[in-house]
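Trainee:
Numbering (our numbering), first residue to last: 200 to 486.
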């Protein structure tokens, strides 16, 4: 059988990303490079960047160097946060076939965009797809792996206990964002989970490709940022909505949001040790 010919009209792939003073400009440039290499014949990659608040001189210099490679730059006069910045970009998307996410210090491996887009093309039931992830440290060394469920049913079930799709690996159909209700809500350090809960509530399916095509950088403050009562209460709200959307009222899955609240109240060092156990993998296996 002859392989299917791709259309001569290139697909437009818009990448939503942000840049703020807390980001490392050198790592940001590495992240941009990993986006740019995704372009290929038949796939046009457009970077849509929101600058959140004022930037130090080193950041401005990096932005000036890279400006010709960026399709659109929006600036927030003051910090709006991740949700506000991404929603601004969504409103200005214009023409696109697919929309992807990328953070300022992570790495997309070659072929990530095309592989995810092809997966969506052959899985019309999915509105959004992620990929498998390798954790890296600040020097780019691999320090672990994150495995996410591939099929939509498992991903939906996992939503009641942990995030089933890594936020920075999101690849979605442009049509999904034409629904004004599909936006990022203000949810402290939980915007990714909240977005997926909204999709589940509105009947949209999501999953992951089996390939490991993304490197997620865990900085020195990763666990400290995740150890707080405020984040725990925010997660309790959104995981509670996930339980209602997926399992309903009469279910034992209510135990998981409460357990996560307890986890967020632990010291950062203890949380780090728990993260390094196989609890995450066991949750995925039993989703």
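Beta carbons: idealized from backbone N, C-alpha and C, even for Gly.
Buried or exposed: which applies to residue 434, given that a residue is buried once 16 or more other Cβ atoms fall within 10 Å of its Cβ?
Mentor: Position 235 of the chain shown, counting from 1, holds the residue named residue 434. So residue 434 ends up on the buried side.
Trainee: I'd like to know whether the C-beta atoms of residue 287 and residue 330 end up nearer to each other than 8 Å.
Mentor: Taking the first residue of the chain shown as 1, we reach residue 287 at position 88. Taking the first residue of the chain shown as 1, we reach residue 330 at position 131. No; because the gap between Cβ atoms is not below 8 Å, this pair is not in contact.
Trainee: Whole angstroms are fine: how far does the CA of residue 272 sit from the CA of residue 265?
Mentor: The count along the chain shown starts at 1 and reaches residue 265 at position 66. The count along the chain shown starts at 1 and reaches residue 272 at position 73. C-alpha separation (whole angstroms): 11 Å.
Trainee: What's the call for residue 216, buried or exposed, on a 16-neighbour Cβ count within 10 Å?
Mentor: Residue mapping note: residue 216 aligns to position 17 of the chain shown, counting from 1. Its Cβ being crowded by 16 or more others within 10 Å, residue 216 is buried.
Trainee: Classify residue 245 as helix, strand or coil using the three-state DSSP reduction.
Mentor: The residue you call residue 245 lines up with position 46 of the chain shown. Here residue 245 sits in strand by DSSP.
Trainee: When you compare only the Cα positions, how much space is there between residue 394 and residue 267?
Mentor: By 1-based counting over the chain shown, the position of residue 394 is 195. By 1-based counting over the chain shown, the position of residue 267 is 68. Rounded to whole angstroms, residue 394 to residue 267 spans 31 Å at the Cα level.
Trainee: Could you name each continuous beta strand (DSSP E) segment of 3 residues or more that falls completely within the stretch 316-343, going from the start of the chain to the end?
Mentor: Those beta strand (DSSP E) runs which fall completely within the stretch 316-343 and span 3+ residues are 325-335.
Trainee: Answer with buried or exposed for residue 430, where buried requires no fewer than 16 other C-beta atoms within 10 angstroms of its C-beta.
Mentor: Along the chain shown, read from residue 1 onward, the residue named residue 430 stands at position 231. Classification for residue 430: buried.
Trainee: Is it the case that the stretch 451-469 contacts the stretch 366-378, given that we only count it when at least three CB pairs across the two stretches are under 8 Å?
Mentor: With the cut-off at 8 Å, the stretch 366-378 and the stretch 451-469 do not touch.
Trainee: Could you tell me which residues DSSP puts in a beta bridge with residue 213?
Mentor: Locating residue 213 in the chain shown gives position 14, where the first residue counts as 1. DSSP, once it has assigned bridges, lists 245, 298 as partnering residue 213.
Trainee: Could you give the distance in angstroms between the alpha-carbon of residue 391 and the alpha-carbon of residue 332?
Mentor: Within the chain shown, numbered from 1, the residue matching residue 391 stands at position 192. Within the chain shown, numbered from 1, the residue matching residue 332 stands at position 133. Computed Cα separation, rounded: 16 Å.
Trainee: Candidates 262, 280, 357, 301: which alpha carbon is nearest residue 456's?
Mentor: Along the chain shown, one-based indexing puts residue 456 at 257. Considering only alpha carbons, the answer is 357.
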